[in-house]
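Colleague:
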């Protein structure tokens, strides 16, 4: 495998081999690294290198110069000013007419190359008498003048011969580099992002960081008034070679510079790299984009070269060459299987050629050692890359160099023991992912890293990459694709440690465990959504978000217990109903608390927007059975029950019942199970007949209430008994990771809110609420499990609460750090829209238009509703608070005592930071209490 065998690098492959040799500065695979002059400051470099004709960009500059000579208006103003200031390349080709160009200044003679001491060419002997001569005998047919960019290259190469250089070599293991790059790209794909990380990105950034650590490698030699000087830059400026197509169809290289590369994080480096490539391909680079390179990285490995000692140009301190990523050539005649058996892994040779006048061999060796250490993952090199890209690092895995295995022959018994140990270790690893993979899953939309578990790391088990490549996956009974453990392990990580995670190993029934493993590991429940399903899912998220945001604006400050942060609940309920209809259900019975209830009433049950507006408008006098089905109850709007008909996409109508819940949170659970059981039971014959397919119960729990209220365990316990079972209740925990104002670590003693269910043999699916398609997959798996085994199953929908507990409080008072994250987080609808735009499913403008039209539709409905009311509904006069008895209670306190109590409230520990908004309220309270009028 070569260093550029990845799609990201192939895009930038250099193809002009004839014009610029691979070993030349500016040659194939060239990457230049420059250090800004000592006087330059970070972020302030903006100049054209006056020595551009002596750099790797000389060819490009020469082309621009010749274009300028033909027509000054044909080049950009920046290039025109540069040439008008006196900078000039070689004389342009006259085209054979014997006359110089009519426009532009005359080009100066090229610099005289340093004298050479080469042996004279052998003289051509005259032909023997009588021998006919041909034109080929006097003039070689292929001889042509070297002009333009190629002539500039000749000059540069001649000048490079005067440089006293030395070269250091280092062979580097690439297992870590290959594995980490693969993991980065998998994480980007899993996040629905289009970026790709190439070997060039990772090697180039490591060179920049190593150059920052060993600034001596960027030292430039110069002479001033006959005195030798050295110049060490303050930051590494990284040039990248880009293959571009010229107007005439020919190809060439340009080397724009990423300035201050060593002071960027990896994400900034990657973004600037891609931006420069894009601008180079579009011919939108300005002259100052090429300035400052004095350290170079060249990649002859792109041609399969194992090592190279390239020429060093004046004005540079060192040039780093990267060879091919391959097996050592000594073993090239062995098969891959044999090399894996011997523990032979791929390597890459890196050379450092440096100006020996200012750089010493020890400095070059230290630089290469640091570069090697970074590529092996030391100093958290790859962890920082994951973090800067906003990606969660996957569970730990072995990527270290393999140790040779015991040979065959007399050691066959030892090898057999080693093989048995490897198989046992591999089985333990697979078991660990099935049991503890959820601890390393990326479930939190707010980006908090998972705790992980050491058992997920194959390294302590002795499972090296080569050992894993030798272990057949079939022996381990895993259902992921792949022939070996090395193939299966990344897929196991993706399955068990992604945005979905599973807990099923606690189930006591073997058939259920094996079925769930196969479903999860084959990914049958995660089949890609069809184009129409993706568009439907986006529109459903639009309905949910627009409704919440409209109510928030139209009825600012009123309680509605928003679903925002758990928006996927509504599409998930849609999917439950769709699958229930396919499985023969006539009714779906839902029970839930107040969080998100209005959205479910509107979009799942089908209650009209006007009925909900009426509640906000306090329009209880519109008539019983009209806008308020429970008119006259006096109950609050987020406790109401309702019943409606849901028309599935296949055309079937399913009755959907949302049970009233005027009591406290989880107490609706047994009511839902009891109602569903009654609907499932037919009493037409002499004996009652129970058919669990008739009705599907769905109980929506809060995360704090599920762990905290005893009625939950009572319901789960009864639900497994013959007289109460429902054939499988779908439990969904709307997990916003907070209970009113309490952190989850202070609210329960278990790691997950769902852990209680494990005591009742209930399988658990955890899913990140910002991964829309994963949420749909969770429902698909849950409903398939219910259909097959007629047992309860639980989905832990991990999200957040975008506003306070009831929109009337300020959550930042009690959870300032959490709400800083939430404030900056795009909504689920926005994230899914961005994903569909990248896929080309929905144009960006269309996605925005759909949302705006939905929001405007709500505004129009409210306007029409208010107009139909005729007049504003008068508020009921407040009832006077009369004492319950004739006894007058003395409630007054002395003013000084009240002031003293208030002063205690205004005193906080040293170092404690009070929320600025809360501090203002406390200070206003102190001022009021100091007033005698206020206390009278």
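Numbering (the working numbering), first residue to last: 8 to 943. Beta carbons are placed, not taken as given, at the ideal position from N, Cα and C, and that holds for glycine. Bear in mind that the values here come from a model prediction, so they are computed numbers and not experimental data.
Just how far apart, CA to CA, sit residue 519 and residue 506?
Modeller: If I take the Cα positions, the gap works out to 23 Å.
Colleague: Helix, strand or coil for residue 636 per DSSP?
Modeller: Bear in mind that the predicted position of residue 636 carries a pLDDT of just 45, short of 50, making it unreliable; the figure below should be weighed with that in mind. Reduced to three states, the DSSP call for residue 636 is coil.
Colleague: In chain order, what residues of the same chain lie with their CB nearer than 7 Å to the CB of residue 916, ignoring the 5 residues before and after it?
Modeller: Cβ within range, chain order: n/a, list empty.
Colleague: First and last residue of the alpha helix (DSSP H) that includes residue 830?
Modeller: Unbroken alpha helix (DSSP H) run through residue 830: 823-831.
Colleague: Counting contacts by CB-CB distance shorter than 8 Å, is residue 863 in contact with chain C?
Modeller: The chain inventory of the structure shown lacks chain C, comprising one protein chain alone.
Colleague: By alpha-carbon positions, which one of 899, 898, 930 and 903 ends up nearest to residue 913?
Modeller: Among 899, 898, 930 and 903, the Cα nearest to that of residue 913 belongs to 930.
Colleague: Taking a contact to mean a Cβ-Cβ separation below 8 Å, would you say residue 664 touches residue 597 in this structure?
Modeller: The answer is yes: Cβ separation under 8 Å.
Colleague: Mark residue 904 as exposed unless 16 or more other C-beta atoms lie within 10 angstroms of its C-beta, in which case mark it buried.
Modeller: It counts as exposed.
Colleague: Return yes when the Cβ of residue 358 is within less than 8 Å of the Cβ of residue 174, no when it is not.
Modeller: Cβ atoms of residue 174 and residue 358: closer than 8 Å.
Colleague: Check whether the Cβ atoms of residue 754 and residue 711 sit closer than 8 Å, and answer yes or no.
Modeller: Taking 8 Å as the Cβ cut-off, residue 754 and residue 711 qualify as a contacting pair.
Colleague: Spell out the partners DSSP gives residue 361 in its beta bridges.
Modeller: Answer is 173 and 325.
Colleague: Taking the C-alpha atoms as reference points, what is the distance between residue 215 and residue 455?
Modeller: Using only the alpha carbons, I get a separation of about 29 Å.
Colleague: Throw me the rounded Cβ distance for the residue 486 and residue 528 pair, which I believe falls under 8 Å.
Modeller: Sure, about 4 Å apart at Cβ, within 8 Å.
Colleague: Would you tell me roughly how many angstroms separate the C-alpha atoms of residue 703 and residue 589, rounded to the nearest one?
Modeller: Approximately 12 Å between the Cα atoms of the pair.
Colleague: Can you give the Cα-Cα distance for residue 699 and residue 603, rounded to whole angstroms?
Modeller: For residue 699 and residue 603, the distance between alpha carbons rounds to 27 Å.
Colleague: Indicate whether the contact test is met: 3 or more Cβ pairs, each with one atom in the stretch 797-807 and one in the stretch 754-773, closer than 8 Å.
Modeller: Output reads yes: the stretch 754-773 touches the stretch 797-807.
Colleague: Taking all protein chains shown into account, do 16 or more other C-beta atoms lie within 10 angstroms of the C-beta of residue 617, making it buried, or fewer, making it exposed?
Modeller: Buried.
Colleague: Roughly how many angstroms lie between the CA atoms of residue 273 and residue 198, to the nearest whole one?
Modeller: Distance between the alpha carbons of residue 273 and residue 198 is about 18 Å.
Colleague: For the beta strand (DSSP E) containing residue 702, list its first residue and its last residue.
Modeller: Note, residue 702: beta strand (DSSP E), 702-709.
Colleague: DSSP beta-bridge partners for residue 651?
Modeller: Answer by DSSP bridge pairing, in chain order: 663.
Colleague: Which residues bound the beta strand (DSSP E) around residue 210?
Modeller: Element bounds for residue 210: not the beta strand (DSSP E) but the alpha helix (DSSP H), 206-220.
Colleague: Across the stretch 826-836 and the stretch 185-205, are there enough close Cβ pairs to call them in contact, namely three or more that are closer than 8 Å?
Modeller: As far as the Cβ criterion goes, the stretch 826-836 does not touch the stretch 185-205, which means the pair count is below three.
Colleague: Have a look at the DSSP bridge pairing and note the partners of residue 280.
Modeller: None, per the DSSP bridge assignment.
Colleague: Within the same chain, show all residues whose beta-carbon is closer than 8 Å to that of residue 544, passing over the 5 residues directly before and after it, in chain order.
Modeller: Excluding sequence neighbours, residue 544 sits near 536, 578, 779, 780, 783 and 839.
Colleague: Quick one: which unbroken alpha helix (DSSP H) runs of 4-plus residues sit fully inside the stretch 681-751? Chain order, please.
Modeller: Fully enclosed alpha helix (DSSP H) runs of 4 or longer: 710-715 and 717-726.
Colleague: If residue 550 and residue 610 are in contact, beta carbons under 8 Å, what's the gap, nearest whole angstrom?
Modeller: Confirmed, about 6 Å.
Colleague: Going straight from the alpha carbon of residue 297 to that of residue 261, what length do you get?
Modeller: Cα to Cα, residue 297 sits roughly 8 Å from residue 261.
Colleague: For residue 379, name the three-state secondary structure that DSSP assigns.
Modeller: Looking at residue 379 - three-state DSSP - the assignment turns out to be helix.
Colleague: DSSP three-state label for residue 509, please.
Modeller: In this structure, residue 509 counts as strand in the three-state DSSP scheme.
Colleague: Should residue 526 go down as buried or exposed, given a rule of 16 or more other Cβ atoms within 10 Å for buried?
Modeller: Its Cβ being crowded by 16 or more others within 10 Å, residue 526 is buried.
Colleague: Does the ligand SAH have even one heavy atom less than 7 Å from the beta-carbon of residue 925?
Modeller: Ligands in the displayed structure: none, and consequently the ligand SAH is not present.
Colleague: Buried or exposed: which applies to residue 271, given that a residue is buried once 16 or more other Cβ atoms fall within 10 Å of its Cβ?
Modeller: Buried is the call here.
Colleague: With DSSP run on the structure shown, which of helix, strand or coil describes residue 311?
Modeller: Residue state, collapsed to three classes: coil.
Colleague: Have a look at 796, 203 and 565 and flag the residue whose alpha-carbon is nearest the alpha-carbon of residue 810.
Modeller: Among 796, 203 and 565, the Cα nearest to that of residue 810 is on 565.
Colleague: Does DSSP put residue 861 in a helix, in a strand, or in coil?
Modeller: Reduced to three states, the DSSP call for residue 861 is helix.
Colleague: Could you check where the alpha helix (DSSP H) with residue 316 kicks off and where it finishes?
Modeller: Here residue 316 belongs to no alpha helix (DSSP H), and DSSP marks it neither H nor E.
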